[in-house]
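Everything below concerns the one structure shown next.
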Amino acid sequence: MPPHKLCYKTLLKKNIPFLSAMLLLGFTLYEISFYIFKTYRAFFNSDAAIANILAEEIVQAESFFPSHWWYVNNDLWVFYKQLLVIPWVLAGKNGYFAHAFTVFEVSVFMIIFIYLFLRSLMLSRASSVMGGVVVSIGYSPMYLRELYGEAAYTWYFIFMIAFMFIFRKLSPHVISKRTQIKAFIAFMILLYLLVLANPIRFFVYYITPFFGALALLVYFARDSLRTFKGAMLRMLSIKRIAISIFACAVMTGATITHFTLLESLHFAGGANNAPLVPLEDLPVHAAHALLGLWNFIGSEWGTNVRASSLEGIVSLAKFVLFPFVLVIPALHIKKAFYQMSSTERLFVLFSYVGFALLLVLYSTTALHEHAWAARNNIRYLSPFLMMVLICNVIMWRFFSLFMKLILSVSLTIALGVSWQYVSPKEWRGIVDERIALVEELKSRGLHFGYAEYWDSHIYTVFSDGEVDIRPIDFDEKEGMKLVKWLSSDRWYQKDTTDGKVFFMVIPEDIDDMYRAIRDFNMPDPLEQFTLGKYTFFVFEKNPLYVKRTKAEARKKKRIMTAP
Numbered sequence: 010m011p012p013h014k015l016c017y018k019t020l021l022k023k024n025i026p027f028l029s030a031m032l033l034l035g036f037t038l039y040e041i042s043f044y045i046f047k048t049y050r051a052f053f054n055s056d057a058a059i060a061n062i063l064a065e066e067i068v069q070a071e072s073f074f075p076s077h078w079w080y081v082n083n084d085l086w087v088f089y090k091q092l093l094v095i096p097w098v099l100a101g102k103n104g105y106f107a108h109a110f111t112v113f114e115v116s117v118f119m120i121i122f123i124y125l126f127l128r129s130l131m132l133s134r135a136s137s138v139m140g141g142v143v144v145s146i147g148y149s150p151m152y153l154r155e156l157y158g159e160a161a162y163t164w165y166f167i168f169m170i171a172f173m174f175i176f177r178k179l180s181p182h183v184i185s186k187r188t189q190i191k192a193f194i195a196f197m198i199l200l201y202l203l204v205l206a207n208p209i210r211f212f213v214y215y216i217t218p219f220f221g222a223l224a225l226l227v228y229f230a231r232d233s234l235r236t237f238k239g240a241m242l243r244m245l246s247i248k249r250i251a252i253s254i255f256a257c258a259v260m261t262g263a264t265i266t267h268f269t270l271l272e273s274l275h276f277a278g279g280a281n282n283a284p285l286v287p288l289e290d291l292p293v294h295a296a297h298a299l300l301g302l303w304n305f306i307g308s309e310w311g312t313n314v315r316a317s318s319l320e321g322i323v324s325l326a327k328f329v330l331f332p333f334v335l336v337i338p339a340l341h342i343k344k345a346f347y348q349m350s351s352t353e354r355l356f357v358l359f360s361y362v363g364f365a366l367l368l369v370l371y372s373t374t375a376l377h378e379h380a381w382a383a384r385n386n387i388r389y390l391s392p393f394l395m396m397v398l399i400c401n402v403i404m405w406r407f408f409s410l411f412m413k414l415i416l417s418v419s420l421t422i423a424l425g426v427s428w429q430y431v432s433p434k435e436w437r438g439i440v441d442e443r444i445a446l447v448e449e450l451k452s453r454g455l456h457f458g459y460a461e462y463w464d465s466h467i468y469t470v471f472s473d474g475e476v477d478i479r480p481i482d483f484d485e486k487e488g489m490k491l492v493k494w495l496s497s498d499r500w501y502q503k504d505t506t507d508g509k510v511f512f513m514v515i516p517e518d519i520d521d522m523y524r525a526i527r528d529f530n531m532p533d534p535l536e537q538f539t540l541g542k543y544t545f546f547v548f549e550k551n552p553l554y555v556k557r558t559k560a561e562a563r564k565k566k567r568i569m570t571a572p
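Every letter in the sequence shown is one number past the one before it in the numbering used here, and letter 20, counting from 1, is 29.
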């Protein structure tokens with residue numbers, strides 16, 4: 010065989026793992042891009058729209074922290090996706106595409122960042138690419154919605170990877186002082202921004218898992234005197250002590266700034282105030298938490314699935330294998346402890362301490378109330394779940410052939426069923442309905458209105474801001490209320506609009522709307538019509554401020570009703 014052909018075959022054989030990993034990454038990137046730009050329009054909700062809404066408020070108020078905005082959970086949104094949406098607001102294109110492009114941009118950055126971090130751990134190119142693959146697969150509808158739809162907790166995962174990357178650059182194996190200085194500066198800046206955003210959340214998501222991981226590092230190192238001494242010397246070195254002192258000073262300053270800012274802003278409660286559940290309810294509550302986790306990783310099957318069918322067999326396989334994927338790295342920590350680098354140890358232990366902590370909190374507090382909420386609020390665990398998935402890549406070389414087979418089969422199943430979650434049958438119909446509603450409102454000359462929170466911001470963003478729908482709330486006891494939750498006082502002021510105003514009401518709230526008309530002494534609506542599942546009440550002026558006249562009180566005005 011000619012030498013050049015032999016060289017080509019050797020080169021091809023050497024690069025097959027990398028090329029295969031790139032092929033898988035290309036497939037998952039196509040899936041998540043399709044989901045972000047196409048499918049998620051059907052499941053886009055008001056929480057996901059908040060970045061667009063807040064970005065517009067920031068631009069209009071000419072302040073990074075608008076004084077009229079209602080913050081929740083003590084989150085100040087310092088370093089979040091609204092930053093990437095602001096340029097779209099300035100360009101006058103603050104619609105769904107701005108949201109989608111921002112999420113896709115962050116997702117690509119995340120994959121690149123994972124690759125660079127894993128390469129810094131001396132993993133192969135193929136393994137580093139697989140790090141991006143394992144977190145990009147559509148394991149379930151909820152996984153896709155939370156991480157590539159709303160994409161709120163994806164940021165926390167990226168920050169965790171960033172801290173690990175920085176710790177790697179601060180480690181003794183990095184000879185360049187310049188690199189270490191840059192890493193130190195980056196560490197302090199990131200630390201300040203995250204603590205400023207929410208000190209309590211930072212304590213739960215970063216501080217507690219970090220010190221828990223350090224404690225476990227010392228615990229596992231006790232079996233070897235040399236390793237134990239090395240671990241203690243590194244932890245108590247002058248360099249580490251100096252960094253710790255600076256970090257404490259930065260965190261203290263950021264915490265003071267955070268609470269100082271809160272004094273001048275509006276803020277509501279939220280997850281920070283979640284109480285412990287009564288002890289007698291704990292077993293069922295904890296079971297619902299596990300149900301939420303099973304649903305999130307794709308292990309929960311749907312209704313009316315026959316066990317003997319292909320769908321039933323695949324569902325049972327996912328039910329058994331997918332949770333096992335989360336456990337495999339933990340089973341190998343002690344055995345592989347001395348063969349891993351210090352950064353790898355910290356990463357794995359941090360991931361599992363954080364995952365266990367959040368799962369315990371989710372199981373014992375009112376972060377969810379029942380099975381439905383347990384499935385929909387499981388996002389709190391998502392950053393650590395993604396970290397655990399990366400642990401499988403980091404520790405792959407320590408697994409037995411049997412464990413590798415389990416992971417490979419699980420990956421194959423996940424890839425095989427992901428498209429049904431990326432592109433479910435119903436998404437196109439829902440998107441058409443949403444677009445039709447916006448177009449109908451524009452054709453009727455209706456550009457400002459109110460609806461309940463979950464039906465409001467969606468259409469504001471869908472219409473590129475041409476139809477502003479602001480949140481209100483209907484309460485059985487208190488009637489209609491203005492929303493003080495991720496909202497702006499500006500929306501409820503008298504001069505908000507001088508044109509027609511509509512109320513978009515779901516069927517179960519129609520009686521409450523009639524009650525609100527009486528309670529607020531509103532004038533009779535000019536028009537009332539039904540569109541999709543909503544009933545619209547149209548008023549000539551904002552009825553929150555324009556009251557019923559005496560003539561209207563004596564003689565009821567005829568209401569035009571359109572089909």
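Even glycine gets a Cβ: it sits at the ideal position worked out from N, Cα and C.
In the three-state reduction of the DSSP assignment, Y162 falls in the coil class.
In this structure, I120 is the residue among D498, Q69, Q91 and I120 with its C-alpha nearest to the C-alpha of L38.
Under the three-state reduction of DSSP, L455 is assigned to coil, being neither helix nor strand. Here L330 has I415, V418, S419 and I422 as same chain residues with Cβ atoms under 8 Å from its own Cβ, once five neighbours each way along the sequence are excluded. Annotated as proximal: M513 and I478, with beta-carbon spacing under 8 Å.
Annotation: L203 to M531 spans about 45 Å, alpha carbon to alpha carbon. Taking 8 Å as the upper bound for CB-CB distance, K343 and F220 are not in contact here, some 20 Å apart. Taking all protein chains in view, the Cβ of D290 is surrounded by fewer than 16 other Cβ atoms within 10 Å, so the residue is classified as exposed. For the pair G363 and M395, the Cα-to-Cα distance works out to about 11 Å.
In the DSSP assignment, I481 falls within the beta strand (DSSP E) that extends over D477 to D484. The three-state secondary structure of E114, taken from DSSP, is helix.
Within the stretch 318-371, the complete alpha helix (DSSP H) runs of at least 4 residues fall at 319-340 and 342-345. When DSSP reads this structure, S419 sits in no beta bridge, so it has no partner. Going by C-alpha positions, A263 is about 19 Å away from P75.
Per DSSP, L540 is one residue of the beta strand (DSSP E) stretching across E536 to L540. Rounded to whole angstroms, the separation of the alpha carbons of R354 and A222 is 9 Å. Counting other Cβ atoms within 10 Å of its Cβ, I481 reaches 16 or more and is therefore classed as buried.
Under the DSSP assignment, V547 falls in the beta strand (DSSP E) whose first and last residues are Y543 to F548. A residue is called buried once 16 or more other Cβ atoms fall within 10 Å of its Cβ, and Q348, having fewer, is exposed. For the pair V144 and E475, the Cα-to-Cα distance works out to about 36 Å. If you draw a straight line from the Cα of A316 to the Cα of I322, it is about 6 Å long. Contact between I25 and V112 is absent: CB atoms are separated by about 32 Å, not below the 8 Å threshold.
The distance from the Cβ of W79 to that of F276 is about 7 Å, consistent with a contact at the 8 Å cut-off.
Using a Cβ distance threshold of 8 Å, Y162 and G307 do not count as a contacting pair.
DSSP places A375 outside both helix and strand once states are collapsed to three, so it counts as coil.
Positions of the beta strand (DSSP E) runs, each at least 3 residues long and wholly inside the stretch 483-540, are given as 488-491, 510-514 and 536-540 in order along the chain.
The beta carbons of G301 and N386 sit closer together than 8 Å. The three-state secondary structure of A256, taken from DSSP, is helix. Rounded to whole angstroms, the separation of the alpha carbons of A383 and I41 is 24 Å.
In the DSSP secondary-structure assignment, L285 is bridged to T374.
Excluding the 5 residues flanking it on each side, V94 has same chain C-beta neighbours closer than 6 Å at A60, N61, A64, A107 and T111, in chain order. Taking the C-beta atoms as reference points, V98 is found no nearer than 8 Å to L495. Cβ neighbours of D473 within its own chain (closer than 6 Å, five residues either side excluded): G104.
Spatial neighbours of F333 in its own chain (CB-CB distance under 7 Å, excluding positions within 5 residues in sequence) are listed in chain order as I415. Q429 and R437 have their C-alpha atoms some 14 Å from each other. When C-alpha distances from E461 are compared across L410, T544, P433 and I252, the shortest belongs to T544.
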